[in-house]
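The structure appears right after this line, and notes come after that.
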Amino acid sequence: MRFPLKTATLFLATVLLAGCAPRISNRGYTLNEAYQPMNVQYGTVDSVRSVLIQGPQTGVGPVAGAVIGGAAGNAVGGGTGQVMTTVAGALLGGLAGAAAEEGASRQEGQQITIHMDDGRLIAVVQAGKIAFSPGERVQVLTASDGTTRVEPAPMGSR
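Each residue of the sequence shown is one higher than the one before, starting from 29 at the first, in my numbering.
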């Protein structure tokens with residue numbers, strides 16, 4: 029009965045780790061952004077291309093993977109081989125955890141190149157699935173910390 033309990037614990041820890049990955053969205057605002065004025069400028073989309081956005085690496089994935097892998101190796105091994113299976117499990121678990129964290133924090137985004145009404149040409153990379161098209165009117169919102177996002181221009185705007 030000892031092995032199924034450890035297996036269930038390892039499975040639960042893996043599932044919980046997957047929920048730790050940050051997701052970025054152009055539809056949400058942080059608490060700091062919610063109550064701050066933003067500079068609004070208008071422009072026209074020049075081009076759009078798909079990109080991959082890599083989120084921050086916290087180190088939780090490799091550490092949790094090593095702990096889970098070590099526990100699994102310890103549960104599987106026996107006698108003199110138990111130390112070796114524990115170490116091997118920790119190493120493999122750490123590598124798997126690092127790969128899982130990297131994959132979980134990666135998401136699709138867009139690089140939007142915009143001809144601003146003031147003559148500048150800018151590019152903004154953002155997550156999300158808003159489908160921008162060349163020639164589309166957009167508004168570019170810039171927070172006081174420099175964070176910039178692109179949204180479709182409201183109907184009837186400049």
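The C-beta atom is built at its ideal place from N, Cα and C for all residues, glycine as well.
Query, Result
"For Val-73, collect the residues of the same chain with a Cβ closer than 7 Å to its Cβ; drop the 5 residues on either side in sequence, then sort them by chain order.", "Ile-140, Ile-142, Phe-160, Ser-161, Pro-162, Gly-163, Glu-164 and Val-166"
"For Ser-53, name the three-state secondary structure that DSSP assigns.", "Low confidence applies to Ser-53: its pLDDT is 46, below 50, so where it sits in the model is not reliable, and the reading given next is rough at best. Looking at Ser-53 - three-state DSSP - the assignment turns out to be coil, as it is neither helix nor strand."
"Which complete alpha helix (DSSP H) runs does the stretch 103-179 hold, if anything under 4 residues is left out?", "109-133"
"Using three-state DSSP, classify Pro-101 as helix, strand or coil.", "The residue asked about is misnamed: residue 101 is Gly in this sequence, not Pro. In the structure shown, Gly-101 sits in a helix (DSSP, three-state: H, G or I)."
"Please go through the same chain and pick out, in chain order, the residues whose beta-carbon is closer than 8 Å to the beta-carbon of Leu-149, but skip the five residues on each side of it.", "Asp-74, Thr-141, Ile-142 and His-143"
"When the Cα of Met-66 is compared with those of Leu-120, Ala-155 and Gly-174, which residue comes out closest?", "Gly-174"
"Can you tell me which of the three DSSP states Gly-93 falls into?", "helix"
"Please report the distance separating the alpha-carbon of Thr-114 from that of Ala-100.", "7 Å"
"What residue range does the beta strand (DSSP E) around Gln-69 cover?", "67-82"
"Identify which residue in Lys-157, Thr-176, Gln-135 and Gly-121 has its Cα closest to the Cα of Ala-151.", "Thr-176"
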